Each structure stands twice: as structure tokens, then as C-alpha cells.
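Before any comments, here is the structure.
Protein chains in written order, with this note's numbering: chain R, 1158 to 1683; chain G, 7 to 497.
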């Protein structure tokens, strides 16, 4: 893989397509012969690729950032073919190591193979193929509508890479949440530093091992460590920071980013409400709700956090939930291979303590096993708005059901909380769905199912308000890590027309300018 | 409770009534803003004259003309911009509705700048109103006359609870920044930009920062120097150089430096007469502090044209400095004044290197007849925008995103970009509770068979274009077969 990267790097630098983007190259400040300076630089670069390796390099974080910045300046990540090669290599990395990946995920989260395959492996491979298939069109110039004054000019938008970007992953989907943003960053032509979560340690280790084997080490680096290391890493200057995680840490990320005016994307969480109202096929609703809630043992940023429904709906819903839980996990869920575990003893303790503080009534589950980090799929009723379970994002297999009498009350309840990452409505009445959609705000919205809206690469995935800002998936990831540069190439002719804008300013000149600058002036000409 | 807290609270309460969700309401407000610009043209021009010494026509050309265009565009296109945007589906969602719904964010804070006190403060407002937000408008206190007029008159044309104007200085701005907003739109310098971003962190508020920088202007020796210098002169000295996208400095080969100086001198005389000080269409520096700052930048450089000044009027003549080096004072910060330094470089390689050694600017300008050279400069530099063979005019094309990158800013606006910047693009998947059988493959207990079905079905992308093409091909083939058959039968 490294030989392939080295060869493609060599092809790029001796060809015409690579460029010196930013900064000087040692020993070549005033070399007027472009080709010879490029060959020299290319050879040096190739030698560098040839001799470095993760184990040989004992670099500080700042050295890693600087090295990637040098590489970015060489222009090697710009050509489409280079980006494709890296994306293809990433596909190979995942496909060739699927077993190991599934094992690591099982070690970290007891993730069932089914979940690991769908939510970590396949979703990534899908995204990679999608990026490869569409990269050419994403990179194309976008010509824009002009006014009469600029009719003969070339006006277009070009997507350009930002430089060196940082992606900080999370532990609940340790592969997906780290590498999916990376796909967008690579496709957009950046150098990327990825920082996997140390909490999902087995996956972190595997990523640190595999990524340097498959991707160009001069363009992409893995930095490991905990909170201290991340804080130190954030002192460096990046051209974009992509963070997935909690609001508290997001604030620190933002403060660090503001020092360098670094743009950020924040994929945070929140309490995703799930409203059931009106006519509902309760069996189907319960199945979809249970699937979405207990997937990854409730540790999903888009899991339905709590349910809102009328007392009558609750009466019909509960038996269906109970039945579905038995259908899915049997009568002894702890023995089911299809139920994950809580990621760490600390998180387990926190969830059990939260459950203990709740004033709601446990109607399903409630048991836990500390050694196994197991918490049974749990449902509570009679939960009030000020309950302990309603003060923070649950992020576990605990589902409070809160009763409201009317749809308006449900909507008002939702609007009193922070804007969530996702909002779910189950109803067979389209007017109910429409009403909730129009009167609430959330990152994403899905009616009559859970989570699925985030599996479509055509939909932007991101939050709003406290649940985050910015988005990614598919083309959105590419745009997030690109700068949309406005380009205008004016002609030299028609200088007389320009005379209208030069001083001395007159009323007559002004009315001509006004007419020529409006987009409608072309229509009136016709 | 402070005045700022009250204002924001009222704006939020008004937003929560849901009035701004209705497109008719937004259009009504936009029409009010348009009426304000047209009916109060004189008040606006007077305030700018007092702040920046700008003539009435200059204000029309550079402040209100652009604003009018933006408002009219927003009114015309609002229904299209605000409509649901359908997207590509996958196999699983083929029968569902999948689209992006633009939605308002809530309460937006717009912090304006003093150099174009109306255009820069109100253009983001157009986007905020169009996107259905409430907006707190904080005009710059440095352009104090414009701020006063805005505070007094705008509430007569717009809903004063939804779009309040808050005037004040640093402490009032700091108090505002303590409040919670759903987006902050700041135009100004990078030092304050960092503070705004840091303050926004507290509430996790997204920001748009329209900052500045030193926009370089490379003049190739193979180009029509007369035309190039005319366009550069215009771009530089409009508003007395106080434009974020003004060409900050020139890079050219030593062999053409004298010619460039001559041509610029000619153009200055053509535009501003022999005595720009008495000429109505030449402006003034905004205040004493900036006057002193700009004058100090001239130290140590050779004045080739102009150089005269009058502190009592905050007047600085259109000035060209030659043989400037990278260590000269004038190269240490964004000039934002009527000084045009010329730095000589051996060739375009050196020019590109020079540009890349500095922070990414708002614009890179290049003047040349050689398209390959333009392509090279574009490919090897990074900036908010790139404009070849002219200055400033990319600002007038509303379809082009206007914004910076790196130190020159984050985010963009103008036209639809303003609308999108100040909206939340909400992903919507509208499913039915039918076809539950299909879902069985995803529910536990998991089996290898279910997994292979799920792998195929659940995430599979469908290429709608290809499907349509195949469908058309099938229809065409069927029709062709039918016609051929009929023909053969007759024959």
C-alpha cells in the first residue's frame, strides 16, 4: 500500500498537476525552472515517504501537524486521482480487516456482529463508494447566474481544500464517527489528523495500527491519547476541527478554535424526543421504537431518548414494547448475543445511579450487572419533566415514557427542552406529522421510524442549537471540508462600460449601473 | 436586567409566536426594508456623508444599490429558497418522502462595521429576515451618525421587537455577547473576530465571520497596464481605501513599476481631479484614530504619488508607495486606507510564494492576459475569492458566495447564500407504518441470513438517474420492437 502511495505520489510530483500551495520549499526559493524544482521536491518527498513509518517516528503532536502541513503545501492531495486512491485504500482497509474490526468493537462495547457490520462497516464502505462515484462531479466548477455587467465574464465557484484538518471521534460508534468525517476530508483534498476516542480502546488501537498501513502517512496521521493529549493537540493550528461528542467538551474545542479562528463542525447530542399520537399501528411502532432505542444498548446520539404520548397510547404501547423485547432478546436479555453492553464501568455506574435517582416507576427491566457492564432494556412510566432522567441525555437502554394529554402539550414539552439531534413522531395521521414538523426544530426528523434518516448520504447529518452545528455525510462532508472559493475572470474589453462606475459620479451613470447590475436586466433586453 | 438582555428576550418571545415562519410575513418585512431604503435615501446619504465624507452618489452606488438588489432578489426567490428540497433516496426509502427543509434558527445577532455602515449591517439582515429569524442589529459605533439614524428610523419600517437596533460601544457589545443567540454574524477585524468566537462558545452559538486581511494584487508585465491600473485605482481608492476587499498591495516586476506608478497617477487625476481634497467624490478617513494609524504606516516608505494629508479633515490623498519591502511598516497590517504599496518580485513564482507566506486574504487579484497564469495563481494560492482583471466587482454577483477563509473569515453570504447561512437545513424522512415485513431483517434475534439480506437491502443506494435511463431504454426498445414488427408484417 505504501509503495502504491509512493508511486502515485511520484507520478503526481513529476507530472504537471501538483503545486506548491503554501510556504517555501527548502532550497528552492527562486528556482525559475518549475519542472526541475518539482522533480527535486518530488524525489525528496518520495524518499521521505519511503523511509518513514509510525514506529520509526517519535514525533510530538506539533511535529505531526507541521509535517502534514508541509505535505499539504506540496500539493500532493489536490489531484482527483490521489484522493480516489486514498479512498480506495480505505475501502480495502475496512474490507480486508472486517473480522478484526468486529472483534475490536465486541471487545469495546460487546457490539453484536449484526450491529457492527451495519452501523460501522457497511455504512462506511457505502460512504466511500459514494464518494468515489461522485468525487468528479463534486470537484467540478459550479458556474453561477450573472448580471448584465458581468455577462461576458467567467463566474464560478471552486471547491478547494482547507489544509490540515482534525477529526475527533467518539466511543459509541468508534469507527463510523471517526472515519466517516475522514472520508469527506480526504475527498475534499485535505491532510487529516484523526483522534480516536481512548474510551473504546480496542478500536482505537486497531485504527492506530491499520490506518498508517493503508493511507499515505505523510497526509494522514492518527494521534492517540486522553483528555490531556487532546487539549494539547487543540493548541495547534488547524484549518478545520470536526468534533463528535459532548457539549461540555465542545465548548473547550470552540474556545481553542477561536484562538486561531478555526472553523468547526460540532456533532453533539441531546434528548431526542419520540412522540406517539393519534392513530398508530402500535405493533409496528413498538418494534421500530425498540430497535432504535436499544441498538448499541441505547448508546446512540440519535436514539429516541424519551417517549411522549397520551395515557391511552401508553396503555396500548407498553404490552407491545414488552412483547417486542422478548421477541428480540428473549426472556433473559443478558444471555442474548444481540444486546450490547455499556462502554465502561464508569458509564455503567452513572446510568444505574441515574436510574436510582429517578422517581419514575420501572415497568420493564431495571436490572444491571456491574461486572458485565450490563443493563437490561428498561422502561419507566410516571416520569415527570423535572425527573433526574430528564436532566441530561440518557445514552443508555433506559426509556422513560412521559404522558401528555394533547398534541399541543407534547409539542410545547419538546420546545421547552434544548433542540435535539433528532425528533421522532409515530402516527398514521399525516396532519400530526406535519404539525410536529412545522412547530418544532431539530437536527433531523424522522416519522414512523428511528435512526434511518442518518443512513442516507444525500441527507445532511448534523444538529442545531445545543445539538451542534455543521453537517456531513455524502456531499455534505465534502462541502464541510472545502472552501467554496468565488472566482471571477473578467475580460479586458468593454472598458468604456466600466466608465459608468468611475468617478465623477453622476445621476445618469448611476441609473445605468443600477440597470446593468440587476439580474433582470437581461430579461428586459430580450 | 440590562437593556441588552431585555431586547434579546423580547426578540425571542416575538420569534416564538411563530409569525416569521409564514413566508408572507417575511416578505412583508422585506418590503418594509425596501421602502426604508428608497424613502430614506437622503437620511442615509447624509449620515454617510457625515461619517465618511462620501458623496450622495457614492453612497447610492456602494451602499444602497446593492442592498436594494439583495432585498428584491430575496422577495422574488423566497418561496423557492424556503421550499422543501427533495434528495436522492436509497432502496429502503424508495417509497418514502426524503427532503431537506430549511428552517429559521431563532434569534440572530448582526454586528455591523463602520466602512459601509448600511450595506454591511443590513445585507446580513436581509438573509436573516428571509430565513425567518428575529435579528438584533448592532451597528458600529464608529460610524456614529449612521448608527443613530438606523436606531431612529429602522423601527418605523420593521417590526421593532423582532428586529431591534441596539447602539453602543464595546461594553454594550460585550453585554450583548453574553446573551444567547442562535447565530452571530460579525463583520470586522480578526482580533475582535476571535473574541466574538470565544464568547459564542459559551452558548455553542455558530458564527459567521466576515473579516479582512491584506488582499494582494499581482500585475503581470504582459497585460494592458493602462486598463489594469484604472481598475486597480478605482478598487483601491473607493471609500478612501476603507474596503475589506480593496487591493491592499501590488506585486509586480521591477521593469514595470514606474509605468504602474504613472498609470495610477493618471487614473487618480482622471477620477479625483488634481485636488482630491476639494473633490466631492473622494471620501475621508473615518476618524482621528484611524487617520493617525494610516499615516504612521507610511513611515519608512518612498511616496511615489500623493502623500498629502490634513488631520483636521481626516484627509489623506490617494497615495502610492514604491520599492516597498515585506519588512516595511505598511506591510505589517491591513492598510484600510488610501495607501497603495508596490512590492517588486522577480516573477509570478515569487509573487505566489510571497502571498502564501501570509495569512489567507479575502481576495487575490491578478491582472494578466495569460489564462494559464490565472489558473496557476488560482491553483497555488488560497483566498476567500479570486478575481482576475478587475477589482471589487465579484461583490455584485449575488450568486457568488461572499466570504473569507482562514484568517479572513468563516461562512459566506449574499443572495441565497445569506438565506442558507442563517437557516437550519433540517433532514426529513417521512415514512409510513406499513411494509413492516421488510423490516424483519433488521430486528434481533440476528441470523447470518438476515444479515446478508440487511447488507444488501438496508443501505443500498439507488441511482435514480440510471433507473430512469434504464426505464426509458426499456420503453424505447419495446416501442422499437413493436414498430419493426408492424413494418415487417406490412412488408
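From the three backbone atoms N, C-alpha and C, an ideal C-beta is built for every residue, glycine too. All values reported here derive from a predicted model rather than from experimental measurement.
Check                                                                                                                                                                               : Outcome
Expressed to the nearest angstrom, what Euclidean distance is found between the alpha-carbon atoms of residue 1572/R and residue 67/G?                                              : 45 Å
What residues in the stretch 195 to 212 of chain G have a beta carbon less than 9 Å from any beta carbon of chain R?                                                                : 196, 199, 200, 201, 202, 203, 204, 205, 206, 207, 208, 209, 210, 211 and 212
In whole angstroms, give me the CA-to-CA distance for residue 1495/R and residue 1520/R.                                                                                            : 22 Å
Is it the case that the Cβ atoms of residue 244/G and residue 270/G are separated by a distance below 8 Å?                                                                          : no
Less than 7 Å between C-beta atoms, sequence neighbours within five positions excluded: which residues of the same chain meet that for residue 1646/R?                              : 1310 and 1311
Does any C-beta atom of chain G lie closer than 8 Å to the C-beta of residue 1602/R?                                                                                                : yes
Have a look at residue 1560/R and residue 124/G and give me their C-alpha separation to the nearest angstrom.                                                                       : 51 Å
Check residue 329/G in the structure and name its three-state DSSP category.                                                                                                        : coil
Mapping DSSP to helix, strand and coil, what is residue 413/G?                                                                                                                      : helix
Apart from the five residues just before and just after residue 247/G, which ones in its own chain have a Cβ nearer than 6 Å to its Cβ?                                             : 343 and 344
Per DSSP, what kind of secondary structure is residue 22/G in: helix, strand or coil?                                                                                               : helix
What would DSSP say about residue 107/G, mapped onto helix, strand or coil?                                                                                                         : strand
Using a Cβ-Cβ cut-off of 7 Å (strictly less than) and excluding sequence neighbours within five positions of residue 1372/R, which residues of its own chain qualify?               : 1243, 1246 and 1247
Excluding the 5 residues flanking residue 1333/R on each side, which residues of the same chain have their C-beta closer than 8 Å to its C-beta?                                    : 1276, 1277, 1280 and 1281
Based on Cα-Cα distance, which residue from 480/G, 79/G, 326/G and 445/G lies nearest to residue 268/G?                                                                             : 326/G
At the 8 Å Cβ level, is residue 1228/R part of the contact set with chain G, yes or no?                                                                                             : no
Comparing alpha-carbon positions, which option in 423/G, 409/G, 402/G and 374/G lies nearest residue 391/G?                                                                         : 409/G
With contact counted as at least three CB pairs below 8 Å, one residue from each stretch, are the stretch 1653 to 1670 of chain R and the stretch 409 to 423 of chain G in contact? : no
Given this structure, state the Cα-to-Cα distance separating residue 128/G from residue 346/G, to the nearest angstrom.                                                             : 29 Å
For residue 1347/R versus residue 1367/R, is the C-beta spacing smaller than 8 Å?                                                                                                   : no
Tell me, please, which residues DSSP counts as bridged to residue 373/G.                                                                                                            : 225/G
Taking the beta strand (DSSP E) that residue 1663/R falls in, what are its first and last residues?                                                                                 : Where residue 1663/R is concerned, there is no enclosing beta strand (DSSP E), given that its DSSP letter is neither H nor E.
For a contact defined as C-beta to C-beta under 7 Å, what are the partners of residue 185/G on chain R?                                                                             : Within chain R, no residue comes near residue 185/G; the closest Cβ sits about 15 Å away, beyond 7 Å.
So with Cβ pairs under 8 Å, would you call residue 388/G a contact of chain R?                                                                                                      : yes
In the DSSP assignment, find the beta strand (DSSP E) that holds residue 1645/R and state where it starts and stops.                                                                : 1639 to 1646
Run down chain G in chain order and give the residues with a C-beta less than 9 Å from the C-beta of residue 1518/R.                                                                : By Cβ distance, chain G contributes nothing, its closest Cβ being about 26 Å from residue 1518/R, past 9 Å.
For residue 408/G, return the contacting residues in chain R, with the cut-off set at a CB-CB distance below 9 Å.                                                                   : 1643
Does any C-beta atom of chain G lie closer than 8 Å to the C-beta of residue 1610/R?                                                                                                : yes
Quick one: does residue 326/G have its CB under 8 Å from some CB of chain R?                                                                                                        : no
Do residue 354/G and residue 330/G come within 8 Å of each other at the CB atom, strictly closer than that value?                                                                   : no
If you draw a straight line from the alpha carbon of residue 429/G to that of residue 24/G, how long is it in whole angstroms?                                                      : 15 Å
Applying a beta-carbon distance threshold of less than 8 Å, which residues of chain G neighbour residue 1404/R?                                                                     : 210
With a threshold of 8 Å between beta-carbons, can residue 1640/R be considered close to chain G, or not?                                                                            : yes
Cα-Cα, which of 1533/R, 1322/R, 1452/R and 1530/R is closest to residue 449/G?                                                                                                      : 1452/R
Taking 8 Å as the CB-CB limit, is residue 1473/R close to chain G?                                                                                                                  : no
Spell out whether any CB of chain G is found under 8 Å from the CB atom of residue 1669/R.                                                                                          : no
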